[in-house]
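Please read the structure below before turning to the comments.
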Amino acid sequence: MTARSGEPFDAGRAASVVLAHLAGPVPPTGPTADEGEPVTGEWTLTRGAGFLLFPVWESDPLTGVYGRAWNEAEATAEAHLTALTAELDRHWGPHRTVPLHLPLLRGRTAQPFPEPFRTLSAKDCHGDLTVWGPLPGAAPRWAAVSLNQSDGDAPMIITALISARPITEPADPDRRR
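Read in order, the letters of the sequence shown are residues 1 to 177 in this note's numbering.
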């Protein structure tokens with residue numbers, strides 16, 4: 001669960017959350033650490049060397065949801081991601097897609113990926129990244145959003161990633177060259 005649980009989706013609000021984090025500091029070094037809501041402990045943010053990862057929306061849990069209702073929940077989540085992507089496209093221009101699902105799953109049991117991909121995998125954020133950047137501003141920044149679900153009963157979560165480094169498809173550490 002995240003601190004966004006129970007909030008209705010609003011593309012403008014979600015974009016504002018991304019923009020606010022983009023304007024703030026990104027740690028250049030240091031360990032990766034989660035932050036949580038003080039009272040509930042629900043996930044609010046992960047900070048790591050050169051990146052921030054945080055939820056901007058969370059669906060209801062899908063425990064006991066099957067068939068048509070599950071498909072509708074998935075379609076709603078995808079529509080939310082599309083609306084957020086359109087809102088961020090208005091700010092920064094066209095996005096590009098960085099596929100993650102297969103590379104991260106292949107790397108799960110072998111050599112670890114570099115950050116932020118290691119944290120994305122650890123948080124079950126395997127959805128392809130919708131990426132913008134480098135973005136205008138004083139410091140180079142890249143931003144990405146993705147739709148994720150850790151398993152079929154878990155809520156669907158839209159996360160955002162702010163990075164001080166380019167966001168490109170991770171090399172598969174298991175692939176022999």
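Ideal Cβ positions, reconstructed from N, Cα and C, are used throughout, including at glycine. Since this is a predicted model, take the numbers as computed values, not measurements.
In this structure, residue 48 and residue 136 do not form a Cβ contact; the two beta carbons are roughly 24 Å apart against a cut-off of 8 Å. Judged by DSSP secondary structure, residue 89 falls within the alpha helix (DSSP H) whose first and last residues are 67-92. Put simply, the stretch 119-132 touches the stretch 49-60. At least three CB pairs are less than 8 Å apart. As the crow flies, the alpha-carbon of residue 62 is around 31 Å from that of residue 22. With fewer than 16 other CB atoms across the displayed protein chains lying within 10 angstroms of its CB, residue 38 is exposed. Look at the stretch 108-175 and you find these whole runs of alpha helix (DSSP H), each 4 residues long or longer: 117-122. Of 165, 19, 84 and 159, the smallest CA-CA separation from residue 58 is found for 159.
Under the three-state reduction of DSSP, residue 5 is assigned to strand. DSSP places residue 45 in the strand class (E or B) of the three-state scheme. The three-state secondary structure of residue 19, taken from DSSP, is helix.
One thing to note: residue 130 has its Cβ no nearer than 8 Å to the Cβ of residue 150. A distance below 8 Å between beta-carbons, with the five flanking residues on each side excluded, links residue 74 to the following residues of its chain, in chain order: 156. Taking the CA atoms as reference points, residue 100 sits about 15 Å from residue 166.
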